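The listed protein sequences correspond, in order, to chains X and V.
Per UniProt numbering, the very first residue in the first sequence carries number 1; after that it's consecutive.
Per UniProt numbering, the very first residue in the second sequence carries number 1; after that it's consecutive.
Just so it is clear, CB atoms sit at the ideal spot from N, CA and C, and this is done for glycine as well.
These figures come from a predicted structure and were not determined experimentally.
2 protein chains.
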Amino acid sequence: MSNDFFPEQISTTEEKLLFIQELVKEQKDQEVCTLFGGLSENELAHILESFPQEDRKQLWTCVPETLRGEVLATLKEDARQGLLIGIEVEELTEITKDLDAQDTAEILHSLNAEVEASVIESMDDSRREEVQNVLAYEEDAVGRYMHTDTISIRENVKLEVVQRYLRMKNEIHKGIQVLMVVDADNRLLGTLHIVDLIKCDPESLVSETMEVPETVLDSMSAIEAAKQIRAKNLSFAAVVTECGTLMGQLTADDVLELTLEESGQTVMNMAGLDEEEDLFSPIKASVNGRTIWLGINLATAFLAAAVIGQFEDVIAQVVALAVLMPVVASMGGIAGSQTLTLTIRGLSMGKIGGSNRRVLFNKEFWIGIINGLIWAVVVALISYLWFEDSMISVVIGLAILINMVAAAVSGVVVPLVLKKFGQDPALSGAVILTTVTDVVGFLSFLGLATLLILK
Amino acid sequence: MSNDFFPEQISTTEEKLLFIQELVKEQKDQEVCTLFGGLSENELAHILESFPQEDRKQLWTCVPETLRGEVLATLKEDARQGLLIGIEVEELTEITKDLDAQDTAEILHSLNAEVEASVIESMDDSRREEVQNVLAYEEDAVGRYMHTDTISIRENVKLEVVQRYLRMKNEIHKGIQVLMVVDADNRLLGTLHIVDLIKCDPESLVSETMEVPETVLDSMSAIEAAKQIRAKNLSFAAVVTECGTLMGQLTADDVLELTLEESGQTVMNMAGLDEEEDLFSPIKASVNGRTIWLGINLATAFLAAAVIGQFEDVIAQVVALAVLMPVVASMGGIAGSQTLTLTIRGLSMGKIGGSNRRVLFNKEFWIGIINGLIWAVVVALISYLWFEDSMISVVIGLAILINMVAAAVSGVVVPLVLKKFGQDPALSGAVILTTVTDVVGFLSFLGLATLLILK
Numbered sequence: 001m002s003n004d005f006f007p008e009q010i011s012t013t014e015e016k017l018l019f020i021q022e023l024v025k026e027q028k029d030q031e032v033c034t035l036f037g038g039l040s041e042n043e044l045a046h047i048l049e050s051f052p053q054e055d056r057k058q059l060w061t062c063v064p065e066t067l068r069g070e071v072l073a074t075l076k077e078d079a080r081q082g083l084l085i086g087i088e089v090e091e092l093t094e095i096t097k098d099l100d101a102q103d104t105a106e107i108l109h110s111l112n113a114e115v116e117a118s119v120i121e122s123m124d125d126s127r128r129e130e131v132q133n134v135l136a137y138e139e140d141a142v143g144r145y146m147h148t149d150t151i152s153i154r155e156n157v158k159l160e161v162v163q164r165y166l167r168m169k170n171e172i173h174k175g176i177q178v179l180m181v182v183d184a185d186n187r188l189l190g191t192l193h194i195v196d197l198i199k200c201d202p203e204s205l206v207s208e209t210m211e212v213p214e215t216v217l218d219s220m221s222a223i224e225a226a227k228q229i230r231a232k233n234l235s236f237a238a239v240v241t242e243c244g245t246l247m248g249q250l251t252a253d254d255v256l257e258l259t260l261e262e263s264g265q266t267v268m269n270m271a272g273l274d275e276e277e278d279l280f281s282p283i284k285a286s287v288n289g290r291t292i293w294l295g296i297n298l299a300t301a302f303l304a305a306a307v308i309g310q311f312e313d314v315i316a317q318v319v320a321l322a323v324l325m326p327v328v329a330s331m332g333g334i335a336g337s338q339t340l341t342l343t344i345r346g347l348s349m350g351k352i353g354g355s356n357r358r359v360l361f362n363k364e365f366w367i368g369i370i371n372g373l374i375w376a377v378v379v380a381l382i383s384y385l386w387f388e389d390s391m392i393s394v395v396i397g398l399a400i401l402i403n404m405v406a407a408a409v410s411g412v413v414v415p416l417v418l419k420k421f422g423q424d425p426a427l428s429g430a431v432i433l434t435t436v437t438d439v440v441g442f443l444s445f446l447g448l449a450t451l452l453i454l455k
Numbered sequence: 001m002s003n004d005f006f007p008e009q010i011s012t013t014e015e016k017l018l019f020i021q022e023l024v025k026e027q028k029d030q031e032v033c034t035l036f037g038g039l040s041e042n043e044l045a046h047i048l049e050s051f052p053q054e055d056r057k058q059l060w061t062c063v064p065e066t067l068r069g070e071v072l073a074t075l076k077e078d079a080r081q082g083l084l085i086g087i088e089v090e091e092l093t094e095i096t097k098d099l100d101a102q103d104t105a106e107i108l109h110s111l112n113a114e115v116e117a118s119v120i121e122s123m124d125d126s127r128r129e130e131v132q133n134v135l136a137y138e139e140d141a142v143g144r145y146m147h148t149d150t151i152s153i154r155e156n157v158k159l160e161v162v163q164r165y166l167r168m169k170n171e172i173h174k175g176i177q178v179l180m181v182v183d184a185d186n187r188l189l190g191t192l193h194i195v196d197l198i199k200c201d202p203e204s205l206v207s208e209t210m211e212v213p214e215t216v217l218d219s220m221s222a223i224e225a226a227k228q229i230r231a232k233n234l235s236f237a238a239v240v241t242e243c244g245t246l247m248g249q250l251t252a253d254d255v256l257e258l259t260l261e262e263s264g265q266t267v268m269n270m271a272g273l274d275e276e277e278d279l280f281s282p283i284k285a286s287v288n289g290r291t292i293w294l295g296i297n298l299a300t301a302f303l304a305a306a307v308i309g310q311f312e313d314v315i316a317q318v319v320a321l322a323v324l325m326p327v328v329a330s331m332g333g334i335a336g337s338q339t340l341t342l343t344i345r346g347l348s349m350g351k352i353g354g355s356n357r358r359v360l361f362n363k364e365f366w367i368g369i370i371n372g373l374i375w376a377v378v379v380a381l382i383s384y385l386w387f388e389d390s391m392i393s394v395v396i397g398l399a400i401l402i403n404m405v406a407a408a409v410s411g412v413v414v415p416l417v418l419k420k421f422g423q424d425p426a427l428s429g430a431v432i433l434t435t436v437t438d439v440v441g442f443l444s445f446l447g448l449a450t451l452l453i454l455k
């Protein structure tokens, strides 16, 4: 990749970041501005997010004015809000002036209601209507993400005429792979691929060349739409209303962006993090965002403690039990999170449903039994070498077996049940699973000890 | 999405899966085959992976012959190997005949050496060379993923001539967005976008219209190349050797596939799963794949147990300590995994490096202190209500504070150190972090108890 202004040996994003850090440290602002002039909106957003909040304002002055709107729209919520604080209404109006309605809506969404109203107020009527139409869609709907810069043609013209029209109008750009064939009411009849415009006989009609369009609904979930487009190996879909009216398109770029968003959400949610938290979110926002999850975890931890509390007698007699009990909980926790991750991924890819749930359950159940047996023996042996008490070894072996089977079973069942009740399995699956493996682990280990060891 | 053979109300992948499951259960093989005729290779691979191993062989007979090679190449390793077992060398030769060299190499890679040699043997000389060239690349290199069906043109011809040439040769397809401009030695001079072929004056020369090409090296990591292409907001890059010779291209589809692969690897690795394990991998393979991780976890669990073992005296005197100690470990574990996930994601996106490491460390350190103080008070209060012993409350409060700060610190430091030593932080980060929070948790809680409570 050579057409930017970095020295030749610098190619990865990380190297670029280090290079810019160096310039910022040496206060070579002019050079930073020159480099920024050769970067895309994605790279600029990426670099801004890689700097601490306090540096971003300074760097922002180097972002080329023509890209500021797109960079703002690309940034994560927390980073965008940080930059928006210092920007005046007039500047925002200027920045969003040439943006498409979707990007504008994304930025407006991050403003407080008052500033948002002022910016909307400053738009001319047609643009205001356009932006408000976008804002009327649900936050995760296709209508919020689609591109509206499609090119419409009629079906009863020759390809050669279409070519001449395109050359004259000069509104076709490189992101456009297909032309939309519509009727007089703007209903989508078909799509004509740019390649066919070149390949096919210039004398043939659009109606003879066009294809049945691949479509998604403007009101559906954008992430679901991206999934459908991916599944079909398409790099594109037309966006239509329920009545078939053309609204825009989702391009390969949109599908990629939505895919990254989805996978990011899963990873962040599985760790109990807010998906909009960025590396340098303010401490206050980070603490707030993580509190809920720590609180829920505390409740479940005390639940596990309450279970142990029921067995104070046996622990007081055999302190070795207190020493070994975290081993039982820990092995169950890891085994469970393996099954859980597999199930969550399968669910998010739409691979689990109907009769294969039972097959998956059976498979994981048997893996639980086999792994349980293997590790029961290993743990029992190690415990025997340590405490030289065969009864303790028997108890811990049985508890490991029980807990690893329980882990496997709940690794499949918990996400399926969460999904059934409309919850995101990635969000609360891990915390519920850990609760199960802690409670079952302590209960089985200390319970068996009470039965078999307590005199 | 309407141009397949499913009933109209069925649109998501999951609904399609359920519909096919129903047909399979009712043994309506003919209808399954008809439906399969309308699906893409991605959808077919997806559906095969969603069925248990034993059903896949039967379903395979319904996969249209023209798509079998591409479906095989698309499947995950475990699933592909399961299907390849029953396929004869002759059939494999037939299946791979019309595949590109990259897909062929992907399939050959899953065969045992003997069958692989026989299939390669059956190829004609030029194809054998082509496939062996691909196999000579590292498994994760761009050369293994690139498309070689590029169209090359010369720089000194008119656009109109190019158009006529394309119409005549008829080898341009819808995946091609750009033409490659090369010299007599096949060195890449520039790229010409299909849209420009339509938009620009037909009388102008290729050399006047072409752009500086965006390139990646054939030998570099494909995931790294996809990252670069994404960062630049491109949907495409030409693949060249170090000497600038054109080898092929990476398309938007390839970037998407590589992005999914990368995010899948992270999620699977963080849970200690092999990235090629699929939902219905054979039990034996799954048990093997998960054993290493369970074994490592066992070692760390016994390390934590050994720490507790040092404090048997104090536990024997104050059994409440055994009841409460998992709370300390658990709160540290969750807080640590939040920081860890944020750091791992930042690293994998190339956002962390140089001077911002210290900023991140400081931020997480302070979050650790603040969260530590908040939860220390909460836990101390709950413990006091439970055991009515102010000394235990003081001890657990201090231990929570210490462990949550340790968790924050190691959540940043562990992945940075792993990366420094060339290890994948997603792979072993979580297990090391849990070890730290367990050991520090038990050590601080029981150690403080020994100092402050033990008589």
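- Go ahead and label X:LYS16 buried or exposed: buried means 16 or more other beta carbons lie within 10 angstroms of its beta carbon, across all protein chains shown. Against the first sequence, residue 16 of chain X aligns to sequence position 16. Result: buried.
- Item | Sequence ranges, alpha helix (DSSP H) only - wholly within the region 226-284 of chain V, length at least 4 | 252-270
- Message: Which residue marks the beginning of the beta strand (DSSP E) containing X:HIS193, and which one marks its end?
- Response: As a working mapping, residue 193 of chain X is identified with position 193 in the first sequence. Note, X:HIS193: beta strand (DSSP E), 188-193.
- Message: Give me the DSSP bridge partner(s) of X:VAL141.
- Response: Position 141 of the first sequence holds residue 141 of chain X. As written in the sequence, residue 141 of chain X is Ala, which differs from the Val given in the question. Under DSSP, the beta-bridge partners assigned to X:ALA141 are X:SER221.
- State the DSSP-derived secondary structure class of V:MET210, mapped to helix, strand or coil. Reading the second sequence from its first residue, position 210 is the one you call residue 210 of chain V. V:MET210: coil per DSSP, three-state reduction.
- Query: According to DSSP, which residues form a beta bridge with V:VAL328?
  - Reply: Residue 328 of chain V sits at position 328 when you count from the first residue of the second sequence. Beta-bridge pairing links V:VAL328 to no other residue.
- Any 3 or more C-beta pairs closer than 8 Å across the region 140-148 of chain X and the region 239-247 of chain X: yes
- Message: So if I threshold CB-CB distances at 8 Å, which residues from the region 30-60 of chain V count as touching chain X?
- Response: SER40, GLU41, ASN42, GLU43, HIS46, GLU49, SER50, PHE51, PRO52
- Message: Please report the distance separating the alpha-carbon of X:VAL377 from that of X:ILE370.
- Response: Within the first sequence, the letter at position 377 stands for residue 377 of chain X. Within the first sequence, the letter at position 370 stands for residue 370 of chain X. Each residue's alpha carbon lies about 11 Å from the other.
- Where V:GLU388 falls, given that 16 or more other Cβ within 10 Å makes a residue buried: Locating residue 388 of chain V in the second sequence gives position 388, where the first residue counts as 1. Classification of V:GLU388: exposed, given that the 10 Å Cβ count is below 16.
- Query: Should X:MET1 be flagged as near chain V, meaning a C-beta pair shorter than 8 Å?
  - Reply: Working through the first sequence from its first residue, we reach residue 1 of chain X at position 1. In this prediction, X:MET1 scores a pLDDT of 41, lower than 50, which makes its location untrustworthy; the coordinate-derived value is nonetheless stated afterwards. Closer than 8 Å: yes.
- Message: Here's a check: name, in chain order, each residue in its chain whose Cβ is nearer than 8 Å to the Cβ of X:ILE367, leaving out the five neighbours to either side.
- Response: Along the first sequence, read from residue 1 onward, the residue named residue 367 of chain X stands at position 367. Excluding sequence neighbours, X:ILE367 sits near THR339, ALA408.
- Pick helix, strand or coil for X:HIS173, following the three-state DSSP scheme. The residue given as residue 173 of chain X occupies position 173 in the first sequence. DSSP places X:HIS173 in the coil class of the three-state scheme, outside both helix and strand.
- Query: Would you call the region 318-335 of chain V and the region 381-400 of chain V in contact, with 3 or more CB pairs under 8 Å?
  - Reply: yes
- Item | Collapsed DSSP secondary structure at V:LEU179 in the structure displayed | As a position in the second sequence, residue 179 of chain V is number 179, starting the count at 1. V:LEU179: strand per DSSP, three-state reduction.
- Query: Around the C-beta of X:GLY441, are 16 or more other C-beta atoms found within 10 angstroms, so that it is buried, or is it exposed?
  - Reply: Within the first sequence, residue 441 of chain X is the residue found at index 441, counting from 1. Buried, since its Cβ has 16 or more Cβ neighbours within 10 Å.
- Query: How big is the Cα-Cα spacing for V:MET1 and X:ASP103?
  - Reply: As a working note, residue 1 of chain V is residue 1 in the second sequence. As a working note, residue 103 of chain X is residue 103 in the first sequence. The pLDDT assigned to V:MET1 is 41, lower than 50, so where the model puts this residue is not dependable; a value taken from the coordinates is nonetheless given after this. If I take the Cα positions, the gap works out to 26 Å.
- Message: When you compare the CB of V:GLN423 with every CB in chain X, is at least one pair closer than 8 Å?
- Response: Locating residue 423 of chain V in the second sequence gives position 423, counting from the first residue. Taking Cβ atoms only, chain X never reaches closer than 8 Å to V:GLN423, which makes this a no.
- Message: Considering Cα atoms alone, identify which of V:VAL206, V:ILE194, V:ALA222 is closest to V:TYR137.
- Response: Here residue 137 of chain V refers to the residue found at position 137 of the second sequence. Closest option to V:TYR137, Cα to Cα, is V:ALA222.
- Taking V:HIS173 as the query, report the chain X residues whose CB atoms sit under 8 Å from its CB, ordered along the chain. In the second sequence, residue 173 of chain V corresponds to position 173, counting from 1. Residues of chain X passing the Cβ test: VAL195.
- Quick one: Cα of X:ILE151 to Cα of X:SER207, how far? To locate residue 151 of chain X, count along the first sequence from 1; it is residue 151. To locate residue 207 of chain X, count along the first sequence from 1; it is residue 207. Those two C-alpha atoms are separated by around 16 Å.
- Query: Relative to chain X, which residues along the region 352-375 of chain V have a C-beta separation below 8 Å, given in chain order?
  - Reply: ILE352, GLY353, GLY354, SER355, ASN356, VAL359, LEU360, LYS363, TRP366, ILE367, ILE370, ASN371, ILE374, TRP375
- Task: Give the straight-line distance between the Cα atoms of V:PHE6 and V:LEU35, rounded to the nearest whole angstrom.
- Result: The count along the second sequence starts at 1 and reaches residue 6 of chain V at position 6. The count along the second sequence starts at 1 and reaches residue 35 of chain V at position 35. Roughly 7 Å separates the two Cα atoms.
- Within the 8 Å Cβ cut-off, does residue 499 of chain V reach chain X? Because residue 499 of chain V is not part of the residues shown, which for chain V are 1 to 455, the question remains open.
- Message: Counting only Cβ pairs nearer than 9 Å, list the residues of chain X close to V:LEU433.
- Response: On the second sequence, residue 433 of chain V is found 433 positions in, with the first residue counted as 1. Result: empty, since nearest Cβ-Cβ is about 11 Å, beyond 9 Å.
- If we count the other Cβ atoms within 10 Å of its Cβ and call it buried at 16 or more, is X:HIS173 buried or exposed? Counting from one through the first sequence, the residue named residue 173 of chain X turns up at place 173. By the 10 Å Cβ count, X:HIS173 comes out exposed.
- Length-filtered (4 minimum) alpha helix (DSSP H) runs lying within the region 45-117 of chain X: 53-60, 68-74, 77-84, 89-96, 101-109
- Message: Quick check: is the beta carbon of V:LEU298 nearer than 8 Å to any beta carbon in chain X?
- Response: Here residue 298 of chain V refers to the residue found at position 298 when the second sequence is read from its first residue. Judged by the 8 Å Cβ criterion, V:LEU298 is in contact with chain X.
- Message: Using the Cβ count rule (16 or more neighbours within 10 Å means buried), how would you classify V:ARG345?
- Response: If you number the second sequence from 1, residue 345 of chain V lands on position 345. Classification for V:ARG345: buried.
- Query: Cβ of V:VAL255 less than 8 Å from any chain X Cβ?
  - Reply: By 1-based counting over the second sequence, the position of residue 255 of chain V is 255. Chain X, which has a Cβ nearer than 8 Å to the Cβ of V:VAL255, makes this yes.
- Task: State buried or exposed for V:LYS351, treating a residue as buried only when at least 16 other CB atoms are found within 10 Å of its CB.
- Result: Along the second sequence, one-based indexing puts residue 351 of chain V at 351. With 16 or more Cβ atoms within 10 Å of its Cβ, V:LYS351 is classed as buried.
- Message: One question on the structure: do X:VAL267 and V:VAL255 come within less than 8 Å of each other, judged by their Cβ atoms?
- Response: Position 267 of the first sequence, counted from the first residue, corresponds to residue 267 of chain X. Position 255 of the second sequence, counted from the first residue, corresponds to residue 255 of chain V. Cβ atoms of X:VAL267 and V:VAL255: not closer than 8 Å.
- Task: Could you confirm whether any beta carbon from chain X is found closer than 8 Å to the beta carbon of V:LEU188?
- Result: Here residue 188 of chain V is taken as the residue at index 188 of the second sequence, counted from 1. So no, V:LEU188 is outside the interface.
- Message: Quick check on the burial criterion: 16 or more other C-beta atoms within 10 angstroms. Buried or exposed for X:GLN177?
- Response: Walking along the first sequence from the start, residue 177 of chain X turns up at place 177. Buried, by the Cβ-count rule.
- Message: Counting only Cβ pairs nearer than 8 Å, list the residues of chain X close to V:ASN133.
- Response: As a first step, residue 133 of chain V must be located in the second sequence, where it is residue number 133. Within 8 Å Cβ-Cβ: nothing; V:ASN133 doesn't reach chain X, min ~24 Å.
- Message: Taking 8 Å as the threshold (beta carbon to beta carbon), is X:GLY191 in contact with chain V?
- Response: In the first sequence, the residue the question calls residue 191 of chain X occupies position 191. The question names Gly, but residue 191 of chain X is Thr in the sequence shown. For X:THR191, the answer is no, since every Cβ of chain V falls outside 8 Å of its Cβ.
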